[in-house]
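Here's the structure, in structure tokens; my notes come after.
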Amino acid sequence: MQATHRFSFLSLAVLSVGMSLAWVSAAPAQPPSPSAPGSSAAVEEDLTLVVGTRFVSPETDGVSPKAQFTDARIALSAFNATDHCVDQRALELAMEYFNSLGPTLGRAGHYYFVPDAELAKAASMCERQHGQPPRAWVEAKTRVIAFGRIVPTADAPALERSIR
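Letter by letter, the sequence shown follows residues -29 to -1, 1 to 135 of mature numbering (1 follows the signal peptide of the UniProt record, and there is no 0).
And the structure:
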């Protein structure tokens, strides 16, 4: 019985030493520098997608999406719990859209009108969930604009503050 136990212990020790040596030999001698030119993996790791949504009044026909995003915003003080729920769903939809653009297009920064049909579904679901209709979002009268941009991670907090 002791011989079997000693054999198992020695087998385990040899196996662990062998795996350690294999792991060390497979590791690169020096990790690639994150700032190495041409290293797309390192570049993508240092980027963050920043997305913000805003409810806007539709009376701004002919005005650019950027101007609507900054000037036609419906105040958050007009929101109830259902509106916040709709806004959260709009943010999720916008993030899906901006993620689909990829890093090259995402760096430019884009405005996106969240589809009204998706917002109507979200409003219906949120109204059932919260037991009251949305106050700030009114179907066919309110639009939701999202702004998204991929920026260096260090710059993300400043952009988030600017689009709040």
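C-beta atoms are modelled at their ideal positions from N, C-alpha and C, and glycine is treated no differently.
Please state whether the Cβ-Cβ distance between residue 124 and residue 19 is less than 8 Å.
In contact: residue 124 and residue 19 (Cβ atoms closer than 8 Å).
Count the other CB atoms, across all protein chains shown, that sit within 10 Å of the CB of residue 34; report buried if there are 16 or more and exposed otherwise.
Exposed.
Tell me the DSSP bridge mates of residue 118?
Beta-bridge pairing links residue 118 to 23 and 82.
In chain order, what residues of the same chain have a beta carbon less than 7 Å from the beta carbon of residue 64, not counting five sequence neighbours either side?
Correct list, in chain order: 85 and 89.
Near residue 70, what residues of its chain come up, given a Cβ to Cβ distance below 7 Å and the 5 sequence neighbours on each side ignored?
The residues are 20.
I need the straight-line Cα distance from residue 126 to residue 22, nearest angstrom please.
Residue 126 and residue 22: Cα-Cα distance of roughly 13 Å.
I'd like to know whether the C-beta atoms of residue 28 and residue 49 end up nearer to each other than 8 Å.
Against a cut-off of 8 Å, the Cβ pair of residue 49 and residue 28 comes out as no contact.
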